[in-house]
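Accompanying notes for the structure given below.
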Amino acid sequence: MSLLVESPAETQPRAPARQEAPAGRLFAPPWAIGWSIGFVAPLFLAATWEVLVGGGWVNGRLMPPPSRIGATLWDLAQSGELTSYAFATLWRVAAGFGIGAAVGTVLGAASGASLFLRRLMDPTLQALRAIPSIAWVPLFILWLGIFEASKVALIAVGVFFPIYLGVAAAVGGIDRKIIEVGRIFRLTRLEMVRRVTLPAILPAWITALRTGLGLGFMFVVAAEFMGASEGLGYLLVDGQQLGRPDRILAAIIAFAVLGKIADGILVIITRPLLAWQDVGRDKL
Amino acid sequence: MLIIDQLSKTYTDGVHALDRLDLSVRTGEIVALVGGSGCGKTTLLRLIAGLDVPSDGGIRLDDQSIVGPSADVGVIFQEPRLFPWLTVEDNVAFGLSKIGAFEREGLVANALTRVGLSGHGHRWPRELSGGQQQRVAIARALITRPRLLIMDEPFSALDPTTRASLHRHLLALWDESRPTVLLVTHDVEEAVMLADRIIVMQPNPGRLFDELNNTLSRPRDRLGTGFETLTRQILKSLDQSLKPAAPAALKASTADAAWW
């Protein structure tokens with residue numbers, strides 16, 4: 017019987033200990049909870065949407081519920097269309113992103129590093145940046161034909177500008193004091209670029225790449241409106257022409273998922289390069 | 002020997018920072034430059050470091066003209082200016098890229114030990130305190146064994162305890178190879194603690210105003226009579242240098258007597 021008797025000193029810490037245990041630790045590790053938080057908003061919207069359509073408050077023909085979109089996605093996946101369309105779109109984004117990122121990085125670095133080159137190039141590029149993407153379509157079709165080249169070129173244009181701007185601003189904004197340390201150690205111009213400039217602009221460059229990649233996914237839609245016979249943009253047009261909003265929404269969801277995955281891959285690849293950053297993100 | 006001959010600097014915006022400045026510093030000597038704002042102390046250091054070009058006059062180190070950054074001149078700035086993307090040991094090794102990895106590792110380990118940071122080599126600069134970062138900067142500047150070390154208010158951002166600790170570290174390191182040291186400081190006590198000679202500069206434009214020899218033996222006692230007397234002399238000279246009707250600038254030499 018005495019074994020069941022607990023002194024106040026023993027019992028007192030137990031209650032707070034149970035209260036202080038982090039929420040959810042019993043069910044899942046903290047990282048899993050962190051990841052799952054991102055699903056709360058879309059799942060809530062999907063559930064609300066499903067209920068509204070199921071209850072007859074919203075017209076399900078023009079606004080198909082998530083269950084019907086899911087079924088359409090499943091059908092597309094089963095038929096192989098989803099995979100082939102997704103790969104076609106991804107290939108175009110990858111090619112356009114590669115070209116746009118390379119040219120944007122080189123010209124951005126040149127513009128940021130040289131006042132002469134900035135004065136030479138920047139006004140023209142800023143004027144070109146103001147042109148809506150769709151305005152390039154007829155010109156690219158005339159120049160490059162209806163097939164892949166014109167589509168990739170349009171995506172490259174979309175990717176180019178944020179990367180050009182980001183890199184130019186980053187190079188132009190490198191701390192003079194850091195550059196002076198490089199000068200003290202008599203770095204050659206090439207060494208200065210490799211050992212000081214590139215690492216210094218890396219965070220801004222990666223941010224510009226992520227912005228460019230996002231725009232690449234936006235521009236691929238416009239590109240695939242240019243007479244494409246495959247791709248998620250084509251699925252959008254197809255859905256419109258067939259009066260199938262479920263196919264349109266399935267394509268939109270596929271775009272969102274692919275864009276998120278591509279961005280996530282870029283973040284994972286580049287994260288080790290930025291381990292040195294003193295960030296306060298987790299404390300904000 | 003460092004010889005500065007009729008050195009003048011006028012910036013493109015018309016600011017006349019230095020005016021016909023003459024100064025000679027013996028090999029192995031520690032000279033402190035003190036003076037009010039705008040007296041050209043930092044300008045002088047930047048010219049000696051080769052970061053700026055003089056408008057007139059010249060600088061020679063052991064009979065070689067300084068026309069740009071030189072391997073013989075090490076610089077420690079007011080801020081540590083570490084590269085945040087390099088670890089502590091890579092920062093220290095920054096100027097050693099032309100020597101082999103094995104030798105470099107040994108030099109870096111030795112340099113970190115000498116500044117009291119052994120075991121910190123793999124850390125990022127952000128993980129160090131301000132005093133530790135400045136020690137890394139000192140190690141980085143000294144590892145190439147420069148003949149002249151110039152320091153621009155290197156301890157001004159540190160608390161008194163850390164500053165005193167770094168004074169001891171610096172003097173111990175200086176004692177190993179005895180480089181010539183030119184130190185800019187606003188802290189008169191720091192000048193007395195470290196320097197063999199204290200140069201007082203006057204502003205607008207920057208000129209030499211006074212020089213005081215420090216004959217106190219090391220290690221120096223802040224509470225000693227000689228320390229206090231010299232500190233007062235420097236403060237008095239600084240006061241006079243800042244008066245609008247300050248007398249014409251002293252043409253500095255290595256002579257002992259103050260100009261008056």
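Line by line, the protein sequences are chains E and A.
My numbering numbers the first residue of the first sequence as 17 and each following residue consecutively.
My numbering numbers the first residue of the second sequence as 2 and each following residue consecutively.
Glycine included, C-beta positions come from ideal geometry on N, C-alpha and C.
Remember, predicted model here, so these are calculated numbers, not experimental data.
- Chain E has a Cβ within less than 8 Å of the Cβ of residue 80 (chain A).
- DSSP places residue 20 (chain A) inside the beta strand (DSSP E), whose first and last residues are 17 to 26.
- By the neighbour-count criterion, in which a residue is buried when 16 or more other Cβ atoms sit within 10 angstroms of its Cβ, residue 99 (chain A) is exposed.
- Looking at A:115, A:187, A:74, A:209, the one whose alpha-carbon comes closest to that of residue 172 (chain A) is A:115.
- The beta carbon of residue 268 (chain E) is closer than 8 Å to those of 252 in its chain, skipping five residues each way along the sequence.
- Within chain A, no C-beta atom comes less than 7 Å from the C-beta of residue 195 (chain E); the nearest is roughly 10 Å away.
- Under the 10 Å beta carbon count, residue 122 (chain E) is surrounded by fewer than 16 other beta carbons and is classified as exposed.
- Every unbroken stretch of the alpha helix (DSSP H) spanning 4 or more residues and falling wholly within the segment 178 to 264 of chain E is given here in chain order: 192 to 200, 205 to 208, 214 to 240, 248 to 258.
- For residue 25 (chain A) and residue 183 (chain E), the gap between their C-alpha atoms comes out near 46 Å.
- Short of 7 Å from the beta carbon of residue 81 (chain E), and not among the five residues preceding or following it, lie these beta carbons of its own chain, in chain order: 65, 66, 69, 70.
- For residue 166 (chain A), DSSP assigns no beta-bridge partner whatsoever.
- Three or more Cβ pairs closer than 8 Å define a contact, and the segment 69 to 78 of chain A falls short of that threshold against the segment 115 to 127 of chain A.
- With 16 or more neighbouring CB atoms inside 10 Å of its own CB, residue 262 (chain E) falls in the buried class.
- Interface with chain A (8 Å Cβ-Cβ cutoff): residue 201 (chain E) is included.
- Distance from the Cα of residue 3 (chain A) is smallest, within the candidate group A:64, A:11, A:165, A:190, for A:64.
- Taken in chain order, the complete beta strand (DSSP E) segments of 3 residues or longer contained in the segment 205 to 238 of chain A are 208 to 214.
- Comparing alpha-carbon positions, the option among A:32, A:31, A:158, A:42 lying closest to residue 208 (chain A) turns out to be A:42.
- Scanning its chain for C-beta atoms nearer than 7 Å, with the 5 sequence neighbours on each side dropped, one finds around residue 169 (chain E) the residues 156, 160, in chain order.
- Boundaries of the alpha helix (DSSP H) harbouring residue 94 (chain E): 82 to 95, taken from the DSSP string.
- If the five residues before and after residue 232 (chain A) are omitted, its C-beta is found closer than 7 Å to the C-beta atoms of 189, 190, 193, all from its own chain and listed in chain order.
- Interface with chain A (8 Å Cβ-Cβ cutoff): residue 279 (chain E) is excluded.
- The three-state secondary structure of residue 54 (chain E), taken from DSSP, is coil.
- Looking at the DSSP output, residue 173 (chain E) sits in no beta bridge, so it has no partner there.
- Residue 50 (chain A) has a beta carbon lying within less than 8 Å of a beta carbon in chain E.
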